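J.: In my numbering, the protein residues as written are 18 to 692. For glycine and all other residues, C-beta sits at the position ideal for the given N, C-alpha and C. Since the structure is predicted, the reported quantities are computational estimates derived from the model, not experimental observations.
(1) Could you say if the segment 438–455 and the segment 471–486 meet the contact criterion of at least three C-beta pairs nearer than 8 Å?
(2) Taking the C-alpha atoms as reference points, what is the distance between residue 276 and residue 283?
(3) Taking the alpha-carbon of residue 51 as reference, which of 580, 154 and 673 has the nearest alpha-carbon?
(4) How about residue 104 and residue 85: are their beta carbons less than 9 Å apart?
(5) Find out if the Cβ-Cβ distance for the pair residue 48, residue 206 is shorter than 9 Å.
(6) Ignore the nearest five residues each way along the sequence and tell me which others in residue 695's own chain have a CB closer than 6 Å to its CB.
(7) Once you ignore the five residues that flank residue 587 on each side, which residues in its own chain have a CB closer than 8 Å to its CB?
(8) Kindly indicate which residue of 514, 636 and 589 has the alpha-carbon position closest to the one of residue 543.
(9) Given this structure, state the Cα-to-Cα distance separating residue 311 from residue 564, to the nearest angstrom.
(10) What's the gap between the Cα of residue 697 and the Cα of residue 401?
(11) I'd like the span of the alpha helix (DSSP H) that includes residue 484, first residue to last.
(12) Under the assumption that residue 133 contacts residue 170 (Cβ atoms under 8 Å), give the Cβ distance between them as a whole number of angstroms.
(13) Any chance the segment 178–195 sits against the segment 96–110, with 3 or more Cβ pairs inside 8 Å?
(14) Determine the contact status of residue 245 and residue 355, defining contact as a CB-CB distance below 9 Å.
(15) Give me the DSSP bridge partner(s) of residue 406.
(16) If we ignore side chains and look at the alpha-carbon of each, how far apart do residue 606 and residue 576 end up?
(17) Extract the residue ranges of the alpha helix (DSSP H) inside the segment 195–242, only unbroken runs of 4 or more that lie entirely within it.
(18) By Cβ distance, which residues of its chain are closer than 8 Å to residue 263, with the 5 residues on each side in sequence left out?
(19) Restricting to Cα atoms, I'd like to know which of 188, 72 and 287 is closest to residue 147.
(20) Check whether the Cβ atoms of residue 422 and residue 514 sit closer than 9 Å, and answer yes or no.
(21) Using CA coordinates, which residue listed in 297, 87, 555 and 290 is at the minimum distance from residue 256?
(22) Mind checking which residues open and close the alpha helix (DSSP H) that includes residue 419?
(23) Which same chain residues end up closer than 6 Å to residue 428 when comparing Cβ atoms and leaving out the 5 residues on each side of it in sequence?
(24) Rounded to whole angstroms, what is the Cα-Cα separation between residue 518 and residue 415?
(25) For residue 686 and residue 238, I'd like the C-alpha separation in whole angstroms.
(26) Could you tell me which residues DSSP pairs with residue 282 in its beta bridges?
(27) Buried or exposed for residue 546, going by 16 or more other Cβ atoms inside 10 Å?
(28) So is residue 677 buried or exposed if we call it buried at 16+ other beta carbons inside 10 Å?
(29) Label residue 449 either buried or exposed according to how many other C-beta atoms from any shown protein chain fall within 10 Å of its C-beta, with 16 as the threshold for buried.
(30) Alpha carbon to alpha carbon, how far is residue 377 from residue 323? Give it in angstroms, no decimals.
(31) The alpha helix (DSSP H) with residue 325 in it runs from where to where?
(32) Quick one: give me the first and last residue of the alpha helix (DSSP H) that residue 459 is part of.
(33) Rounding to the nearest angstrom, what Cα-Cα distance links residue 670 and residue 662 in this structure?
(34) Within its chain, find whatever has a CB closer than 6 Å to the CB of residue 26; leave out the 5 residues flanking it on each side and keep chain order.
(35) Please state the DSSP three-state secondary structure of residue 688.
(36) Taking just the CA atoms, how far does residue 300 sit from residue 364?
Structure follows, in structure tokens:
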């Protein structure tokens, strides 16, 4: 029975919302389209039926790294799965073919590009395939930002094999849903499961750019040791920010399409395997990343669209534990995104739609009340308030902005809707430029009527007007603003409009960082992560293949003392209980009894906490910042002395550590001591 396998194999007592209905529909042989939020448990919805049905499930997945990690995770659960990818060694490919021939394989992962091969099609037609599972099904959309042409072959493959198909995606507006149905299911009408778009564990925040690099570094510094992704709009910026993070003592690497393919692969693998690593990347990075313990996503530049934003922040907190996001934006971002749309090769109708999507994202950035409510309404969901966004934390200061919006609209109309924000702001502020004199626009009644606002304040007004969808850039007039119908009642003074003061007058808010575990559990949590790292390295697999962070947190909180108690933890199935139960129970039950005498002497003192932080940092840097150096460790007695003496500069620290260890640990240790 599927419910029995849910516990014995996957270690879960209960389904998540919506999983049971999808699993039952697939087992009963129905075609299925499931739109589920990232982290909502999509993979289990096809992996569990694979164990229940006879034959093999064919899984079409877009990226090699994603397939390899899912295969590793399934094997760790005792499920025989394999992948046929260009990244396989000859031995790996031979093992997969042997398992297929002997009927031992339950799930076969394959890249869509491989479907073009006639030999692959012939091989698949001879296998006892129970159904096809399509991951990231939105890749079939020709207008989507993740379009993969080879996904168009999947519909033909379904006809060839004559088996049911289950398609899964987290990002599909109604237009994309219809495209998926047409291209994958043809005339068959799939059963659609829409599980909502909300990710309530993700804290959302937006900030107007003030000192962008400092804003990013401050955010990361308050979350030291946590894994995160920082998205940037350019390759150069990725490299610059990654270097700045490394200089500040963080483990960080960059990733973009301009890198050598092998270097990109190494970066992806390191991010999967290592704890606390930060990747600074363009949007080239992410779709194939199935790392459940990413604790934050930062957009150092405004994303391309509201769909892109939703998909990118969805990479945080896939384990269901608290995660955070921060998005920075400013006038230059908006100009860049507008020009990218205008200079693209799409039709004018498509460009207009893309400008509308960008306006929707600006509406989210300039939202006046609960940010999550604005996001979910765009996707057709609704809530009243979330209590987990910056606007719920501290409601913004609002004011009646009708007067200044009418000024801006008047300037747009009186210049015949032929200019963008920069020129209009010059008119409103009474700046007598050569261009304004040439056009005679200093004679307009609107010239200088807005001189009480600075240039940056007027930029804030125009941003919010775009967010309200009162104005849109006209592609045929090189981005000049045109008024929408929504603006007319305001221009006629029939309707008032609220604006936010805090995004006009720049203001930076600091969010209190939420700890993953209670203070008294931090030492044990760190010890459990160290044990997990050791076991994962032996497997050459990501840490979550052993246990996800959420399972370790539950261990630290509940502290099971026997295998019986350990088996009740969510995420512990029969195979993992047998493989890892004893090892983790030893850490839990001996963690405090086996403290080094040097640490015991610091019990109950402030120096004890400093010792624990130094010890955890030493574990992180034992093999160097990049994990490839010769191991170096400090004795417990040396760490205890540092914690007690608290040296305040590098020279004093060197007297206790020596040259080599100061070079490895000095910067990180000093940060702990000076905090």
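T.: Reading from the atomic positions:
(1) Enough Cβ pairs lie closer than 8 Å, so yes.
(2) If you number the chain shown from 1, residue 276 lands on position 259. If you number the chain shown from 1, residue 283 lands on position 266. So the two alpha carbons sit approximately 11 Å from each other.
(3) Stepping through the chain shown from its first residue, residue 51 is reached at position 34. That would be 154, whose Cα lies nearest to the Cα of residue 51.
(4) Here residue 104 refers to the residue found at position 87 when the chain shown is read from its first residue. Here residue 85 refers to the residue found at position 68 when the chain shown is read from its first residue. Their beta carbons are under 9 Å apart, which means residue 104 touches residue 85 by this criterion.
(5) Position 31 of the chain shown, counted from the start, is the residue given in the question as residue 48. Position 189 of the chain shown, counted from the start, is the residue given in the question as residue 206. Cβ distance < 9 Å, so residue 48 and residue 206 count as in contact.
(6) As displayed, the chain neither begins before 18 nor continues past 692, which places residue 695 out of reach and without an answer.
(7) As a first step, residue 587 is located in the chain shown; it is residue number 570 there, counting from the start. Cβ-Cβ distances below 8 Å link residue 587 to 28, 29, 30, 567, 568 and 571 in the same chain, with the five nearest sequence neighbours on each side left out; the list follows chain order.
(8) Stepping through the chain shown from its first residue, residue 543 is reached at position 526. Closest by alpha carbon: 636.
(9) To locate residue 311, count along the chain shown from 1; it is residue 294. To locate residue 564, count along the chain shown from 1; it is residue 547. Just so you know, the alpha carbons of residue 311 and residue 564 end up roughly 14 Å apart.
(10) This structure leaves residue 697 out entirely; the chain is present only between 18 and 692.
(11) For the purposes of this step, residue 484 is taken as residue 467 along the chain shown, with counting starting at 1. The continuous alpha helix (DSSP H) containing residue 484 extends over residues 472–484.
(12) Taking the first residue of the chain shown as 1, we reach residue 133 at position 116. Taking the first residue of the chain shown as 1, we reach residue 170 at position 153. Distance from residue 133 to residue 170 at the Cβ level is roughly 6 Å; contact confirmed, criterion being Cβ atoms closer than 8 Å.
(13) Two segments are said to touch when three or more pairs of C-beta atoms, one from each, lie closer than 8 Å; by this definition the segment 178–195 does not touch the segment 96–110.
(14) Taking the chain shown and counting its residues from 1, one reaches residue 245 at position 228. Taking the chain shown and counting its residues from 1, one reaches residue 355 at position 338. At a Cβ-Cβ threshold of 9 Å, residue 245 and residue 355 do not count as neighbours.
(15) Here residue 406 refers to the residue found at position 389 of the chain shown. Paired residues: 221.
(16) If you number the chain shown from 1, residue 606 lands on position 589. If you number the chain shown from 1, residue 576 lands on position 559. Roughly 8 Å separates the two Cα atoms.
(17) Within the segment 195–242, the complete alpha helix (DSSP H) runs of at least 4 residues are 229–238.
(18) Within the chain shown, residue 263 is the residue found at index 246, counting from 1. If we look at residue 263 and ignore the five residues flanking it on each side, its Cβ neighbours are 269 and 642.
(19) Sequence index remark: in the chain shown, residue 147 carries index 130 (1-based). Looking at the Cα atoms, 72 is the closest of the given residues.
(20) The count along the chain shown starts at 1 and reaches residue 422 at position 405. The count along the chain shown starts at 1 and reaches residue 514 at position 497. Yes.
(21) For the purposes of this step, residue 256 is taken as residue 239 along the chain shown, with counting starting at 1. For residue 256, the nearest C-alpha among the options comes from 297.
(22) Residue mapping note: residue 419 aligns to position 402 of the chain shown, counting from 1. Annotation: the continuous alpha helix (DSSP H) that includes residue 419 extends over 419–431.
(23) On the chain shown, position 411 is the one that residue 428 refers to. Here the set comprises 441, 444, 445 and 463.
(24) Counting from one through the chain shown, the residue named residue 518 turns up at place 501. Counting from one through the chain shown, the residue named residue 415 turns up at place 398. Approximately 6 Å, taken between the alpha carbons.
(25) The residue labelled residue 686 in the question sits at position 669 within the chain shown. The residue labelled residue 238 in the question sits at position 221 within the chain shown. Rounded to the nearest angstrom, the two C-alpha atoms are 14 Å apart.
(26) As a first step, residue 282 must be located in the chain shown, where it is residue number 265. Beta-bridge partners assigned by DSSP to residue 282: none are found.
(27) Residue numbering aside, residue 546 sits at position 529 when the chain shown is read from its first letter. Classification for residue 546: buried.
(28) Here residue 677 refers to the residue found at position 660 of the chain shown. That one is exposed.
(29) Position 432 of the chain shown, counted from the first residue, corresponds to residue 449. Around the beta carbon of residue 449, a 10 Å sphere encloses fewer than 16 other beta carbons of the protein chains shown; the residue is thus reported as exposed.
(30) Taking the first residue of the chain shown as position 1, residue 323 is located at position 306. Taking the first residue of the chain shown as position 1, residue 377 is located at position 360. Residue 323 and residue 377 have their C-alpha atoms some 6 Å from each other.
(31) Looking up residue 325 in the chain shown gives position 308. Under the DSSP assignment, residue 325 falls in the alpha helix (DSSP H) whose first and last residues are 323–330.
(32) Reading the chain shown from its first residue, position 442 is the one you call residue 459. Membership of residue 459 in any alpha helix (DSSP H) is not indicated, and neither H nor E is assigned to it by DSSP.
(33) For this step, residue 670 is matched to residue 653 along the chain shown. For this step, residue 662 is matched to residue 645 along the chain shown. Between residue 670 and residue 662, the C-alpha separation is close to 10 Å.
(34) Taking the first residue of the chain shown as 1, we reach residue 26 at position 9. The answer, listed in chain order, is 94 and 590.
(35) In the chain shown, counting from the first residue as 1, residue 688 sits at position 671. Residue 688 falls in the helix class under three-state DSSP.
(36) As a working note, residue 364 is residue 347 in the chain shown. As a working note, residue 300 is residue 283 in the chain shown. CA-CA distance, residue 364 to residue 300, rounds to 23 Å.
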